[in-house]
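**Student:** According to the working numbering, the sequence shown holds residues 2 to 421 in order.
No residue lacks a Cβ here, since even glycine has one placed at the ideal position from N, Cα and C.
Since we're looking at a predicted model, the values are computed, not measured.
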Amino acid sequence: MMGKTIAEKILSNRSGTDARAGQIVVADIDYVMVNDVTGPIAFREYEKMGSGTMFRERMVLIPDHYVPNKDVASAEQAKEMRDFAKNHGIKNYFEIGKGGVCHQLMIEEGFAAPGRLIVGADSHTCTYGGINAFSTGIGSTEAAVAFSTGRLWFKVPETIKVELTGRFRKNIGGKDLIIKIITDIGVDGANYKAFEFHGDGVGNMCVSDRLTVSNMAIEAGGKAGIFPCDDLTKEYIRETVKGEYTPVSADPDADYCMTLKYDLSKLESMVAFPHLPSNGRAVKDTDVKIDQAYLGSCTNGRIEDMRRAAAIVKGRKVHPEVRFLVVPATQRVYRQMLDEGLMQIFMDAGAFISGPTCGACLGGYMGILAAGERSVSSTNRNFIGRMGDKNSEVYLTGPEVVAASAIAGRIVTPDQLEGC
């Protein structure tokens with residue numbers, strides 16, 4: 002019989018069946034995560050079920066989208082989450098000041114790990130595939146079912162094989178790779194499929210870059226984006242992972258619906274033009290004046306991203322007509338920035354630094370764009386009105402280009418910066 006992909010193996014392990022692409026399975030989940038937007042709906046649905054069962058140890062509650070609260074409505078949402086956690090004795094609740102952006106926190110707190118099946122009521126839950134988990138987004142009602150049963154049904158996805166060779170050149174990274182992939186296959190090119198990454202190039206990618214790639218699998222319609230587990234993976238989670246874990250690798254004779262090939266050494270700095278992540282272009286071929294630069298989010302708010310950006314900003318000043326927002330993904334990243342002197346670098350350059358929040362990324366609050374304004378952003382979506390007025394524009398790129406553009410006042414690569 003034909004071998005299995007990583008997705009098929011994890012869903013087989015968690016369902017106790019011989020799971021194959023196209024089949025429907027009911028599988029035990031390791032963790033279910035909700036945030037302050039999706040959680041309250043799930044809580045109400047759970048209460049309607051009237052079930053006495055609750056898988057508390059598998060539930061993770063993380064307020065991050067509208068916190069610190071921007072208005073009374075968001076305060077009520079956050080309070081509902083806080084009260085639910087208290088009333089049901091849920092230990093995995095991360096109050097503001099102790100947490101941060103949900104997807105980075107899920108990794109830092111050790112919930113995500115190789116071989117695990119994790120769901121979250123947020124579309125970018127696919128991030129954890131960067132460390133060999135099968136993770137995917139669900140709806141709030143499904144989250145309520147997971148609270149009560151610890152299980153969910155899944156359609157086993159077909160898998161796209163992505164073969165990587167080579168090594169990134171300086172100032173090129175995971176964001177450039179995933180924008181290139183999405184540009185090549187389109188925003189629906191991986192509908193209900195999993196990406197699975199292979200080849201020597203994987204070992205040349207740091208885990209942070211892998212997480213960025215997996216994070217944006219959903220932007221091509223993907224159900225998951227999964228990397229193999231190697232020594233870099235194990236070292237990345239060594240001090241934080243909760244419990245034991247079992248890495249999963251694909252069989253040599255696994256069946257794939259498509260194969261994509263990329264030489265990392267040939268990739269260029271990429272930017273996705275409005276209003277789709279698939280509108281990718283080489284940065285060197287663009288000439289776009291900006292009003293705002295945003296560094297952060299679950300895509301590129303890790304300490305590695307902050308270090309890359311700080312190295313470019315150091316000793317320079319933010320362009321006088323640009324607002325540069327720097328938002329670390331979690332309190333841990335914030336503290337690392339302090340300890341490493343990165344805060345000082347950004348402040349000296351004239352950047353605004355915020356505590357961890359999703360606010361600007363989803364156009365919820367902070368950093369909202371006015372009509373006609375343009376922002377270069379390390380986030381994952383640039384749909385119409387995503388970060389503000391429907392007549393504003395968002396250009397997606399990696400942290401190096403965001404930093405260089407904040408200095409230049411237009412979208413440039415770090416190599417182009419000296420001449421600006």
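Who does T160 pair with in a DSSP beta bridge?
**Tutor:** Here residue 160 refers to the residue found at position 159 when the sequence shown is read from its first residue. Per DSSP, A195.
**Student:** Does the beta-carbon of V27 have 16 or more other beta-carbons within 10 angstroms, so that it is buried, or is it exposed?
**Tutor:** Working through the sequence shown from its first residue, we reach residue 27 at position 26. Burial call: exposed.
**Student:** Suppose the cutoff is 6 Å on Cβ atoms and the five residues either side in sequence are ignored; what does the same chain contact list for A86 look like?
**Tutor:** As a first step, residue 86 must be located in the sequence shown, where it is residue number 85. Excluding positions up to five away in sequence, the list reads L62 and Y94.
**Student:** Using CA coordinates, which residue listed in F148, P69, K71 and V102 is at the minimum distance from I91?
**Tutor:** To locate residue 91, count along the sequence shown from 1; it is residue 90. Ranked by Cα distance from I91, the options F148, P69, K71 and V102 are led by F148.
**Student:** Only counting runs of 3 or more residues, tell me where the beta strand (DSSP E) segments fall wholly within the region 320-364, in order along the chain.
**Tutor:** 324-328
**Student:** Terminal residues of the continuous alpha helix (DSSP H) containing A147?
**Tutor:** Against the sequence shown, residue 147 aligns to sequence position 146. First-last of the alpha helix (DSSP H) with A147: S141 to T150.
**Student:** Pair every Cβ in the region 356-372 with every Cβ in the region 278-285, then say whether three or more of these pairs are closer than 8 Å.
**Tutor:** With the cut-off at 8 Å, the region 356-372 and the region 278-285 do not touch.
**Student:** Just to confirm the assignment, what range does the alpha helix (DSSP H) spanning S406 have?
**Tutor:** The residue labelled residue 406 in the question sits at position 405 within the sequence shown. Run containing S406: P400 to A409, per the alpha helix (DSSP H) assignment.
**Student:** From this set, A144, D210 and S124, which residue's C-alpha is nearest G174's C-alpha?
**Tutor:** Within the sequence shown, numbered from 1, the residue matching residue 174 stands at position 173. Checked all of A144, D210 and S124; the closest Cα to G174 is D210.
**Student:** Note down, one range per segment and in chain order, each beta strand (DSSP E) of at least 3 residues found wholly within the region 368-402.
**Tutor:** 375-378 and 394-397
**Student:** Would a C-beta distance cut-off of 9 Å place V328 and I304 closer than the cut-off?
**Tutor:** If you number the sequence shown from 1, residue 328 lands on position 327. If you number the sequence shown from 1, residue 304 lands on position 303. Going by C-beta atoms, V328 is not nearer than 9 Å to I304.
**Student:** Would L265 and T166 be called neighbours here (beta carbons separated by less than 9 Å)?
**Tutor:** By 1-based counting over the sequence shown, the position of residue 265 is 264. By 1-based counting over the sequence shown, the position of residue 166 is 165. Closer than 9 Å, so yes.
**Student:** Would you mind working out which of V289, F347, H199 and V319 sits nearest R375, comparing C-alpha positions?
**Tutor:** Your numbering for residue 375 matches position 374 in the sequence shown. The option with the nearest alpha carbon to R375 is V289.
**Student:** Sorted by chain position, which residues of the same chain lie with C-beta nearer than 6 Å to G389's C-beta, five sequence neighbours on each side aside?
**Tutor:** Numbered from its first residue, the sequence shown carries residue 389 at position 388. Within the same chain, G389 has close Cβ partners G364, I369 and L370.
**Student:** Report buried or exposed for A372, applying the criterion of at least 16 other Cβ atoms within 10 angstroms of its Cβ.
**Tutor:** As a first step, residue 372 must be located in the sequence shown, where it is residue number 371. Classification of A372: exposed, given that the 10 Å Cβ count is below 16.
**Student:** Do Y32 and I132 have their C-beta atoms within less than 9 Å of each other?
**Tutor:** Position 31 of the sequence shown, counted from the first residue, corresponds to residue 32. Position 131 of the sequence shown, counted from the first residue, corresponds to residue 132. Cβ distance not < 9 Å, so Y32 and I132 don't count as in contact.
**Student:** Please classify G226: is it buried, with 16 or more other beta-carbons within 10 angstroms of its beta-carbon, or exposed?
**Tutor:** The residue labelled residue 226 in the question sits at position 225 within the sequence shown. The residue is buried, with at least 16 neighbouring Cβ atoms inside 10 Å.
**Student:** Please look up how many angstroms separate the CB atoms of T234 and P115, rounded, as I've assumed it's under 8 Å.
**Tutor:** To locate residue 234, count along the sequence shown from 1; it is residue 233. To locate residue 115, count along the sequence shown from 1; it is residue 114. With a Cβ gap of about 6 Å, T234 and P115 count as contacting.
**Student:** Determine the DSSP secondary structure at A76, reduced to helix, strand or coil.
**Tutor:** Taking the sequence shown and counting its residues from 1, one reaches residue 76 at position 75. Three-state DSSP puts A76 in a helix.
**Student:** Along the beta strand (DSSP E) that carries N36, what are the first and last residues, could you check?
**Tutor:** Here the question's residue 36 lines up with position 35 in the sequence shown. N36 -> beta strand (DSSP E) spans Y32 to N36.
**Student:** Leaving out five residues on either side along the sequence, give the residues of the same chain with a beta carbon under 6 Å from the beta carbon of G215.
**Tutor:** As a position in the sequence shown, residue 215 is number 214, starting the count at 1. Note that residue 215 is Ser in the sequence shown here, rather than Gly. So the list reads C127, T128, G130, G131 and G226, once near-sequence residues are dropped.
**Student:** Do the region 171-188 and the region 94-103 meet, that is, are 3 or more Cβ pairs less than 8 Å apart?
**Tutor:** no
**Student:** Under 8 Å, with one C-beta from each stretch per pair, do the region 3-11 and the region 63-78 reach the 3-pair mark?
**Tutor:** no
**Student:** Judging by CA-CA distance, which residue of A134, F155 and S16 is the nearest neighbour of T247?
**Tutor:** Residue 247 sits at position 246 when you count from the first residue of the sequence shown. It is A134 whose Cα lies nearest to the Cα of T247.
**Student:** Where does the unbroken beta strand (DSSP E) through D29 begin, and where does it stop?
**Tutor:** Position 28 of the sequence shown holds residue 29. Taken as a continuous stretch (DSSP letters only), the beta strand (DSSP E) holding D29 covers I25 to D29.
**Student:** Excluding sequence positions up to five away, which residues of its chain have a Cβ less than 8 Å from the Cβ of C230?
**Tutor:** Against the sequence shown, residue 230 aligns to sequence position 229. For C230, where only same-chain residues beyond five positions count, the Cβ hits under 8 Å are P115, G116, I132, N133, P248, V249 and S250.
**Student:** Residues in its own chain within less than 6 Å of K391 by CB, not counting five upstream and five downstream?
**Tutor:** Working through the sequence shown from its first residue, we reach residue 391 at position 390. So the list reads I385, once near-sequence residues are dropped.
**Student:** Buried or exposed for M338, please, with buried defined as at least 16 other CB atoms from any protein chain shown within 10 angstroms of its CB.
**Tutor:** Here residue 338 refers to the residue found at position 337 of the sequence shown. By the neighbour-count rule (16 or more Cβ atoms within 10 Å), M338 is buried.
**Student:** Residues in its own chain within less than 6 Å of N172 by CB, not counting five upstream and five downstream?
**Tutor:** Here residue 172 refers to the residue found at position 171 when the sequence shown is read from its first residue. Correct list, in chain order: E401 and P415.
**Student:** Report all residues from its chain with a CB closer than 8 Å to the CB of A409; omit the five preceding and five following residues, and keep chain order.
**Tutor:** The count along the sequence shown starts at 1 and reaches residue 409 at position 408. Within the same chain, A409 has close Cβ partners H320, Q417, L418 and C421.
**Student:** Roughly how far, in whole angstroms, is the beta-carbon of S141 from the beta-carbon of E46, given that I think they are within contact range, below 8 Å?
**Tutor:** Within the sequence shown, residue 141 is the residue found at index 140, counting from 1. Within the sequence shown, residue 46 is the residue found at index 45, counting from 1. Their Cβ separation, rounded to whole angstroms, is 7 Å, which keeps S141 and E46 in contact under 8 Å.
**Student:** Could you pull out every residue in the same chain whose Cβ sits closer than 7 Å to the Cβ of P41, ignoring the five residues on either side in sequence?
**Tutor:** On the sequence shown, residue 41 is found 40 positions in, with the first residue counted as 1. The answer, listed in chain order, is Q78, E81 and M82.
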